[in-house]
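> Following this message is one structure expressed as structure tokens.
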Amino acid sequence: MERPSGIITITTDFGERDPYVAMMKGVILSINPGARIVDITHQVPAGSIREGGSIIKETYQYFPSGTVHLAVIDPGVGGKRRPIAALADNHFFVGPDNGLFWPIIETQEHSEVIHLSDKMYWMREISPTFHGKDIFAPVASHLSKGVDPFLLGEKIDNPTTIAVPLPRKENSDLVGEIIRADHFGNLVTNISREEISEFLASRGCVIKIGSLVLKKISTTYGDVPEGEPLALIGSSNLLEIAINRGDAAHDLGEKCKIGTKVTIRFANSATN
Amino acid sequence: MERPSGIITITTDFGERDPYVAMMKGVILSINPGARIVDITHQVPAGSIREGGSIIKETYQYFPSGTVHLAVIDPGVGGKRRPIAALADNHFFVGPDNGLFWPIIETQEHSEVIHLSDKMYWMREISPTFHGKDIFAPVASHLSKGVDPFLLGEKIDNPTTIAVPLPRKENSDLVGEIIRADHFGNLVTNISREEISEFLASRGCVIKIGSLVLKKISTTYGDVPEGEPLALIGSSNLLEIAINRGDAAHDLGEKCKIGTKVTIRFANSATN
Amino acid sequence: MERPSGIITITTDFGERDPYVAMMKGVILSINPGARIVDITHQVPAGSIREGGSIIKETYQYFPSGTVHLAVIDPGVGGKRRPIAALADNHFFVGPDNGLFWPIIETQEHSEVIHLSDKMYWMREISPTFHGKDIFAPVASHLSKGVDPFLLGEKIDNPTTIAVPLPRKENSDLVGEIIRADHFGNLVTNISREEISEFLASRGCVIKIGSLVLKKISTTYGDVPEGEPLALIGSSNLLEIAINRGDAAHDLGEKCKIGTKVTIRFANSATN
């Protein structure tokens, strides 16, 4: 197993107004005073396991191996879902077993999932409504100090899965969808650079997003005139629909939004 | 006196848009390069000493003993209120003497309050409008390095007090109020788990919040159907009024808001 | 050259919702696990080089010498603008060559600007749309570890300049303008304490801001009755127009906004 990096990232849907994230940081630093804590975001839409999972998947790989990624998007807090730690791609993931880490687990050949059951690594008193503070934060902190993850509970082979919208082939088209709008209004799709890499350099293509049609994958925003829409690989290494110096989420409105289908037809087969 | 933990928390009403909090962090790190800084929140409603004080009281205890809690909610900046450091419950509190730390001080048997008057521990130039940067940040940083707090100024025994709305007995009822809405719309009251602990397990009760009547204290959100209101102990260890998978602050509107009276009548005496 | 402080500040227009800032932090910590990272703000208005530059200029000086200030306000990402590092006033500045650091460079007698061209200090793969993560973050991290800045590329003497609105003398008046509204609604001008220092103590003056006329420069908010407008030196050491316990940006509306001219006529010459 990877040596811990001493870094703990935190992803939640708690917002920045309340002291809840700070309470978790206090718990972490009480157990491991040397932990370095990095916020990924606390603005995941409330309860959105799918968006939270996608953000963690896009981000974790930029941290050193052995980093602990603590995430609390947990609509079922206090219910029966298990608390888990997952070990995948030399990183640790700690949070609720509600599918949040499934997008990462399902793409790794080897991974381990541990049902957190040993209360020795929890806070002494467990609030039924804030497992983030009472279970996940202390477990993440112990992991960052080098506690053997297999001491935290028993291995399980049935973590909760969720249907992650993955791009699929339809005849010779590649069909994905818009999964998120970012701060700039760029519409992020679920199509990664890798999935279209062979086409980025060599061949032309036509991209249809609802009723919007784009004739190529651009390299950067300035490749089209100001105010014009374009498709390009964005900051998360995913295809995104943007408007040069504009806000695509706002300007394209109902035409292109979360869930809208994105079809890439490569030039060879394009008859349209 | 407690050894410093090297951690400094910061609570303000400055928001996240301006560079003011970063200026304070620069001052702190210039004096103690090893300080570890944790933001509690910068979204306290502007000038709300009562809400700021409540948030610090709920949060500080999760940090290690010897942590310095720097807080700047300071409507009277530049006026005559004194700058103070308070030592209570093995933690340090640094900020304006306007009642901000009174909720913590008044519940501790032993505490010390020091009027910060020795300018040796301040910035060389003191802006009349930003004591956070020029007095509180450098003092907090010196404390985090182990400077004896009694060197910072003279002990005082008359810190400014504020009326903190505490729950009270009325006949056999317990009467509190709603003090805050959090990011999820949960309505946090001033009634703590401890105050109702004997009733949580053993006896039924009726909770009246304005015209809303609830028949029990639930354990977790899922104890009632989606969309239904409930009362439970929330993330701050305080009784809160919530709606399962809903936003109580929005959905209950005028019926339940900050200041609304919350009455707990225990089953033995409930005739209603 | 200054020894690095090990601190890296980050200023962007990315907002707090997306994981982009966290990706940069992951890259930084992968290269220099001991780096201490401080956010200045991520709420610079999108693409506003002028406001971003002003904020960095007001803030950097509170950090220890040898701090690296990483800034990504970069409307031309992927275009032809160069990536640069600037050395000025014993601090390092890393970001796009689009004028962002010009307000700092132009006021320093000695400074060096380096065109970042040695790809050894970049990420292996460079995304055309996210130089913050792929060029600026790794370069900042290397600088924070003590890499000689002159190894990062070649010195240039033609960094991009921008017209910074500086206050000017008009007859015996000093004429500046409002450059920003802060979280409290205080209207920050481009007139610094230094520029009016001789008048602060000794002589009266009349300040005109659009149609609003103020008869003095106050020391603190409480110098005027609640609800009344005033001019004073604010938290950034700049003259600001405020309302005691009010929100000047909101209450003064169209009368006083970003770009509104601010004229200071000193008492000797005041006939109005």
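Residue numbers (our numbering), protein chains in the order written: chain A, 13 to 284; chain B, 13 to 284; chain C, 13 to 284. Beta carbons: idealized from backbone N, C-alpha and C, even for Gly. Predicted model, so just to flag it, every value in this text is computed and none were measured.
(1) Counting only runs of 3+ residues fully inside the segment 167-227 of chain B, write out the beta strand (DSSP E) ranges in chain order.
(2) Would Val225(C) be called buried (16 or more neighbouring beta carbons within 10 Å of its own) or exposed?
(3) Determine whether the beta carbon atoms of Val80(A) and Ile20(A) lie at a separation below 9 Å.
(4) Taking the C-alpha atoms as reference points, what is the distance between Ala47(B) and Gly18(B)?
(5) Examine the Cβ distances between the segment 89-97 of chain B and the segment 162-176 of chain B and report whether three or more of them are shorter than 8 Å.
(6) Let me make sure I understand the geometry here. Which of Gly78(A), Phe142(A), Pro76(A) and Asn249(A) has the alpha-carbon closest to that of Val39(A)?
(7) What residues from the segment 21-50 of chain C come within 9 Å of chain B, judged by C-beta to C-beta, listed N to C?
(8) Which complete beta strand (DSSP E) runs does the segment 108-153 of chain A hold, if anything under 3 residues is left out?
(9) Show which residues of chain B have a CB atom less than 7 Å away from the CB atom of Ile19(C).
(10) For Glu207(A), which option in Arg180(A), Phe196(A) and Gly197(A) has the closest C-alpha, if you only look at C-alpha atoms?
(11) How is the alpha helix (DSSP H) around Leu41(A) delimited, first residue to last?
(12) Buried or exposed, going by whether 16 or more other CB atoms sit within 10 Å of the CB of Asp160(B)?
(13) Going straight from the alpha carbon of Glu28(A) to that of Met36(A), what length do you get?
(14) Hey, how far is the Cα of Ile245(C) from the Cα of Ile229(C)?
(15) Kindly indicate which residue of Pro115(A), Gly265(A) and Ser247(A) has the alpha-carbon position closest to the one of Pro241(A).
(16) Of all the options Arg15(A), Ser248(A) and Gln55(A), which has the alpha carbon lying nearest to the alpha carbon of His195(B)?
(17) For a quick check, are the C-beta atoms of Thr231(C) and Pro140(B) less than 9 Å apart?
(18) Give, in chain order, every residue of the segment 159-171 of chain B whose Cβ lies closer than 8 Å to some Cβ of chain E.
(19) Rounded to a whole number of angstroms, what is the C-alpha to C-alpha distance between Asp51(A) and Val236(C)?
(20) Any Cβ of chain C within less than 9 Å of the Cβ of Pro140(B)?
(21) Throw me the rounded Cβ distance for the His127(C) and Glu166(C) pair, which I believe falls under 8 Å.
(22) Using a 10 Å radius around the Cβ and a threshold of 16 neighbouring Cβ atoms, would you call Lys69(A) buried or exposed?
(23) Give me the residue from Val176(B), Ala34(B) and Val151(B) with the minimum Cα distance to Phe113(B).
(24) Just tell me which of Ser248(A), Lys227(A), Ile276(A) and Ala83(A) has its CA closest to the CA of Lys73(A).
(25) Residues of chain B with a CB under 7 Å from the CB of Ala100(A): which are they?
(26) In terms of residue numbering, what span does the alpha helix (DSSP H) encompassing Lys269(B) cover?
(27) Does DSSP put Thr71(B) in a helix, a strand or coil?
(28) Counting only Cβ-Cβ distances shorter than 8 Å, please list the residues of the segment 241-275 of chain A near chain C, keeping chain order.
(29) So that I know if they touch, is there some Cβ in chain B lying closer than 9 Å to that of Gly144(C)?
(30) Helix, strand or coil for Leu164(C) per DSSP?
(31) Using the three-state DSSP reduction, which class does Ala97(A) fall into: helix, strand or coil?
(32) Since Gly78(C) contacts Glu14(C) with CB under 8 Å, what's their CB separation in whole angstroms?
(33) Go ahead and pull the three-state DSSP assignment for Glu14(C).
(34) Quick one: which chain C residues come within Cβ less than 9 Å of Val89(B)?
(35) So the beta strand (DSSP E) Tyr81(C) belongs to, where does it begin and stop?
(36) Taking DSSP as the reference, what is the three-state secondary structure of Ala282(A)?
Here's the rundown:
(1) 180-182, 185-193, 199-204, 217-221 and 224-226
(2) As a working note, residue 225(C) is residue 213 in the third sequence. Exposed: under 16 other Cβ atoms inside 10 Å.
(3) On the first sequence, residue 80(A) is found 68 positions in, with the first residue counted as 1. On the first sequence, residue 20(A) is found 8 positions in, with the first residue counted as 1. Contact: yes.
(4) Here the question's residue 47(B) lines up with position 35 in the second sequence. Here the question's residue 18(B) lines up with position 6 in the second sequence. Taking the straight line joining both Cα atoms gives about 5 Å.
(5) yes
(6) Your numbering for residue 39(A) matches position 27 in the first sequence. Comparing Cα-Cα distances from Val39(A) to each of Gly78(A), Phe142(A), Pro76(A) and Asn249(A), the minimum goes to Phe142(A).
(7) Thr21, Thr23, Glu28, Arg48 and Val50
(8) 123-128
(9) Sequence index remark: in the third sequence, residue 19(C) carries index 7 (1-based). Chain B residues near Ile19(C): Leu41.
(10) Position 195 of the first sequence holds residue 207(A). Considering only alpha carbons, the answer is Arg180(A).
(11) As a working mapping, residue 41(A) is identified with position 29 in the first sequence. Taken as a continuous stretch (DSSP letters only), the alpha helix (DSSP H) holding Leu41(A) covers Tyr32 to Ile43.
(12) For this step, residue 160(B) is matched to residue 148 along the second sequence. Result: exposed.
(13) In the first sequence, counting from the first residue as 1, residue 28(A) sits at position 16. In the first sequence, counting from the first residue as 1, residue 36(A) sits at position 24. Their backbone Cα atoms lie some 13 Å apart in a straight line.
(14) For the purposes of this step, residue 245(C) is taken as residue 233 along the third sequence, with counting starting at 1. For the purposes of this step, residue 229(C) is taken as residue 217 along the third sequence, with counting starting at 1. One C-alpha to the other measures close to 8 Å.
(15) Position 229 of the first sequence, counting from 1, holds the residue named residue 241(A). Answer by Cα proximity: Gly265(A).
(16) As a position in the second sequence, residue 195(B) is number 183, starting the count at 1. Per the Cα distances, Gln55(A).
(17) Translated into the one-based positions of the third sequence, residue 231(C) becomes position 219. Translated into the one-based positions of the second sequence, residue 140(B) becomes position 128. In contact: Thr231(C) and Pro140(B) (Cβ atoms closer than 9 Å).
(18) Considering every chain present, this structure includes no chain E. Its protein chains are A, B and C.
(19) As a working note, residue 51(A) is residue 39 in the first sequence. As a working note, residue 236(C) is residue 224 in the third sequence. Taking the straight line joining both Cα atoms gives about 41 Å.
(20) Along the second sequence, one-based indexing puts residue 140(B) at 128. Chain C, which has a Cβ nearer than 9 Å to the Cβ of Pro140(B), makes this yes.
(21) Locating residue 127(C) in the third sequence gives position 115, where the first residue counts as 1. Locating residue 166(C) in the third sequence gives position 154, where the first residue counts as 1. Confirmed, about 6 Å.
(22) Along the first sequence, read from residue 1 onward, the residue named residue 69(A) stands at position 57. Buried.
(23) The sequence position of residue 113(B) within the second sequence is 101, counting from 1. Among Val176(B), Ala34(B) and Val151(B), the Cα nearest to that of Phe113(B) belongs to Val176(B).
(24) Position 61 of the first sequence, counting from 1, holds the residue named residue 73(A). According to the sequence displayed, residue 73(A) carries Gln and not Lys. Looking at the Cα atoms, Ser248(A) is the closest of the given residues.
(25) Residue numbering aside, residue 100(A) sits at position 88 when the first sequence is read from its first letter. Near Ala100(A) there are no residues of chain B at all, since even the closest Cβ is about 28 Å away, more than 7 Å.
(26) As a first step, residue 269(B) must be located in the second sequence, where it is residue number 257. Run containing Lys269(B): none; DSSP gives neither H nor E here.
(27) As a first step, residue 71(B) must be located in the second sequence, where it is residue number 59. Note: Thr71(B) maps to helix in three-state DSSP.
(28) Leu244, Ile245, Gly246, Ser247, Ser248, Asn249 and Arg257
(29) In the third sequence, residue 144(C) corresponds to position 132, counting from 1. No, its Cβ sits nowhere closer than 9 Å to a Cβ of chain B.
(30) Residue 164(C) sits at position 152 when you count from the first residue of the third sequence. If DSSP states are grouped into helix, strand and coil, Leu164(C) belongs with coil.
(31) Start at 1 with the first residue of the first sequence, and residue 97(A) comes out as number 85. Three-state result, Ala97(A): strand.
(32) Numbered from its first residue, the third sequence carries residue 78(C) at position 66. Numbered from its first residue, the third sequence carries residue 14(C) at position 2. The Cβ separation is near 4 Å, so the contact holds.
(33) Taking the third sequence and counting its residues from 1, one reaches residue 14(C) at position 2. It is coil, neither helix nor strand.
(34) Start at 1 with the first residue of the second sequence, and residue 89(B) comes out as number 77. In chain order: Thr232, Tyr233 and Gly234.
(35) To locate residue 81(C), count along the third sequence from 1; it is residue 69. Looking at the sequence provided, one finds His at residue 81(C) rather than Tyr. Run containing His81(C): Val80 to Val84, per the beta strand (DSSP E) assignment.
(36) Along the first sequence, read from residue 1 onward, the residue named residue 282(A) stands at position 270. The pLDDT assigned to Ala282(A) is 43, lower than 50, so where the model puts this residue is not dependable, and the model offers no usable value.
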